[in-house]
Amino acid sequence: MTAVTGEQFGTMPCGAAVELFTLSSDFLTARVISLGCILTNIETKDKNGEAADIVLGFDTLQGYVDKHPYFGAVIGRFANRISKGQFTIDGKEYQLPINNGPNSIHGGLKGFDKALWTPEVLPNGVKFSLMSSDGEEGFPGEVKVQVTYTLVGGELTINYWAQTTKTTPINLTNHSYFNLAGHGSPNIYDHEVSVEATRYLPVDDVMIPTGEIASVENTPFDLRNPVLLGSHIQNKLKAGFDHNFCLQESKERFPCARVYHRPSGRLLQVETTQPGVQLYTANFLDGSLKGKGGAVYPKHSAFCLETQNWPDAVNKTNFPNALLRPGEEYNHTTWFTFSVL
Numbered sequence: 022m023t024a025v026t027g028e029q030f031g032t033m034p035c036g037a038a039v040e041l042f043t044l045s046s047d048f049l050t051a052r053v054i055s056l057g058c059i060l061t062n063i064e065t066k067d068k069n070g071e072a073a074d075i076v077l078g079f080d081t082l083q084g085y086v087d088k089h090p091y092f093g094a095v096i097g098r099f100a101n102r103i104s105k106g107q108f109t110i111d112g113k114e115y116q117l118p119i120n121n122g123p124n125s126i127h128g129g130l131k132g133f134d135k136a137l138w139t140p141e142v143l144p145n146g147v148k149f150s151l152m153s154s155d156g157e158e159g160f161p162g163e164v165k166v167q168v169t170y171t172l173v174g175g176e177l178t179i180n181y182w183a184q185t186t187k188t189t190p191i192n193l194t195n196h197s198y199f200n201l202a203g204h205g206s207p208n209i210y211d212h213e214v215s216v217e218a219t220r221y222l223p224v225d226d227v228m229i230p231t232g233e234i235a236s237v238e239n240t241p242f243d244l245r246n247p248v249l250l251g252s253h254i255q256n257k258l259k260a261g262f263d264h265n266f267c268l269q270e271s272k273e274r275f276p277c278a279r280v281y282h283r284p285s286g287r288l289l290q291v292e293t294t295q296p297g298v299q300l301y302t303a304n305f306l307d308g309s310l311k312g313k314g315g316a317v318y319p320k321h322s323a324f325c326l327e328t329q330n331w332p333d334a335v336n337k338t339n340f341p342n343a344l345l346r347p348g349e350e351y352n353h354t355t356w357f358t359f360s361v362l
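Counting from 1 along the sequence shown, just add 21 to a position and that's the residue number in our numbering.
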């Protein structure tokens, strides 16, 4: 059985209340707030039965209101980067805000991560709803969005659903930062990672895919067999990962990635219906943010597995379709399964 409880987490500067929902099973406790559908906590047990919070975040609402690197948030309308913030639909050009070098990232200046969503409690989770207006952050169409979190045992499921009044790019994901040793641990070098992908996307110097869909064979991106992150980053990819891995494009539930932390025994397995996953090793964290319990979050102190469409897909005809048209449904699911070995 999953227990779901709600309480007030704080008040926005505008006076609106932010609600916190706790989803609890025998193995796992997850907490999510109505601001940005942010996962603030995921607490799981290790091989000795000791529980720890394994996602980065803040103790209070103010941390999430202030500028932060999307800790735990739902990203939209379009996760990841769009080159120069530009795209064309049916002959009409659109310009988005530029907020990542010369590009647009994660929905612009005020993406879905900064929106206050409307919650609805479910028997084993919570559903959040949002209406994104036509022209918001430069995107066309009024978009109705729903994000649903459900918990059964050690499996946390996130479903993303949307409809639009005009053809628009849409690409939704969750940007949780994980450390299976516990959120205050200094790095993820003792984590073993594998990704079920034979191809990845090379990027240019501003992190936009070049358009090539490259084989992982004989590259640092071959993660089909588990690698220890510390030695792999040190010896093969010093900057760390911030790259899209190409998954199957069938919309069927597909094993995507696996992360094992041998000292604690914690195992995370990720499955998704999305065609890609961005593996990010928190390369831009610098220790300046004070997190939960006063924890400091330095570079490489977490990893993200952002299941999504491919970056800049709206501008690459050889990438999976990134456009949602009127009358269609955007519907994707990702499963995070936590266990102990």
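Cβ coordinates follow ideal geometry from the N, Cα and C atoms, glycine included. As the structure is a computational prediction, the values presented were derived from the model and not from experiment.
Range of the contiguous alpha helix (DSSP H) that encloses residue i
i	result
L60	Looking at the DSSP string, L60 is not in any alpha helix (DSSP H); the run it does join, the beta strand (DSSP E), is 60-66.
G27	That residue, G27, is in no alpha helix (DSSP H); its beta strand (DSSP E) goes 24-32.
Sheet register partners of residue i (DSSP bridge)
i	result
T169	K148, N180
F359	L289
D263	Y301
Q116	Q107
S322	Bridge partners of S322: none, in fact.
D311	Residue 311 is actually Lys in this sequence, not Asp. Note: K311 sits in a beta bridge opposite V317.
P332	None; P332 has no bridge partner.
I126	R102
S153	V164
F199	V76, F324
L344	P190
Whether residue i touches residue j by CB criterion (8 Å)
i	j	result
D67	V317	no
P296	E270	yes
C58	V168	yes
F92	L77	yes
I96	T355	no
R52	T43	yes
L222	P332	yes
V39	G31	yes
H321	N208	yes
A278	V298	yes
S55	L137	yes
N124	G112	no
T293	I254	no
R98	S153	yes
A413	H196	This structure cannot speak to residue 413, because the chain is shown only from 22 to 362.
P190	F133	no
Exposure label - residue i; buried when at least 16 CB within 10 Å
i	result
F305	exposed
T171	buried
A72	exposed
L130	exposed
Q116	exposed
V227	exposed
A37	exposed
A260	exposed
First and last residue of the uninterrupted beta strand (DSSP E) at residue i
i	result
Q329	325-329
T338	Counting along the chain, T338 falls outside any beta strand (DSSP E), and DSSP gives it neither H nor E.
L143	139-143
- [ ] Would you mind listing the alpha helix (DSSP H) stretches within the stretch 38-108 that are 4+ residues and don't spill past its ends, in chain order?
- [x] You should have 82-86.
- [ ] Would you list, in sequence order, the uninterrupted alpha helix (DSSP H) runs of no fewer than 4 residues that lie entirely inside the stretch 208-282?
- [x] As summarised for the stretch 208-282, the continuous alpha helix (DSSP H) elements at least 4 residues long and confined to that stretch are 250-257, given in chain order.
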